[in-house]
Amino acid sequence: LLMMRVFVLLSAVALLSLAACASDPKKQEDTRPSTEIYAEAASLLDKKEYKAAQAKFEDVERLYPYSQWATQAQLMSAYAAYQDLRYDDAILALDRFIQLHPSSERVDYALYLKALCYYEQISDVKRDQGMTTDALSALDALISRYPESAYVRDAKLKRDLTLDHLAGKEMDVGRYYLTRGDYNAAINRFVTVI
């Protein structure tokens, strides 16, 4: 009998919760056409309201997955995260875009934007250079896969700067070994730079 009462009470609470969600205007689906939602997202992006823009671009993709705007909305969602300096979110979205649309004419841009996400997180030579090597890998992927892309020229410049940065790290470590009298280790680092 007690179990029955608990079950009835929990059922009533669950029904009330569902009713509250159904009447919540924020929880209702956006029924506007994909073009209107996309335009709103683009407007939010222009106003530098990046999180809101990203959410609206994601709405386009979620509500209209087979529309002509869904693919572009995926890319713009990643761009909004990039503009908001949420690089990890942008990289995840870009990887997803590249995986879902490998033959898209915008994959070169997605690779370029992914490389920028890593590139802009490069820290000085005294710190770990994981982001630098990730940036180099992403830039190399763009350059090798899309040599005719409009983004390759800038990617090559950034690649050279990334290599210089990695060389600076090797020089820093080499100097450290040199001051400690460990000449072989220092020479190995300097040879890597050369």
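Taking our numbering, I'd label the letters of the sequence shown as residues 4 to 197.
Think of the CB as a built atom: it goes at the ideal place given N, C-alpha and C, for glycine as much as any other residue.
Cβ separation of Tyr122 and Ala138, assumed to be a contact under 8 Å, to the nearest whole Å:
4 Å
Buried or exposed: where does Arg183 fall if 16 or more other Cβ atoms within 10 Å of its Cβ makes it buried?
exposed
Cα-Cα separation, Leu125 to Thr34
Residue identity check: residue 125 is Ile in the sequence provided, not Leu. The straight-line gap from Cα to Cα measures roughly 42 Å.
Give the secondary structure of His168 by DSSP, where H, G and I count as helix, E and B as strand, and everything else as coil.
helix
Quick check: the Cα distance between Tyr180 and Arg99, rounded to an integer number of angstroms?
43 Å
Pop quiz: Lys59 and Ala44 are said to be a contact at Cβ under 8 Å. What is the actual Cβ separation, rounded to whole angstroms?
3 Å
Can you tell me where the alpha helix (DSSP H) with Gly133 in it begins and where it stops?
133-148
In whole angstroms, give me the CA-to-CA distance for Glu32 and Arg65.
10 Å
Three-state secondary structure assigned by DSSP to Thr34:
coil
For Lys172, count neighbouring C-beta atoms within 10 Å of its own C-beta (all shown protein chains included) and say buried if the count is 16 or more, exposed if not.
buried
Cβ of Ala73 within 8 Å of Cβ of Tyr67?
yes
Is the beta carbon of Leu142 sitting closer than 8 Å to the one on Ala158?
yes
I want to check one thing, is the minimum distance from the CB of Gln71 to the heavy atoms of the ligand FMN below 7 Å?
Annotation note on the ligand FMN: not contained in the displayed structure, which lists no ligands.
Comparing C-alpha positions only, which one of Lys51, Val128, Ile40 sits nearest to Arg178?
Val128
Under 8 Å, do Ala113 and Leu78 count as touching if we go by C-beta distance?
yes
If contacts are defined as beta-carbon pairs under 8 Å, then Gln132 and Leu169 qualify, I think. What distance do you get, rounded to the angstrom?
6 Å
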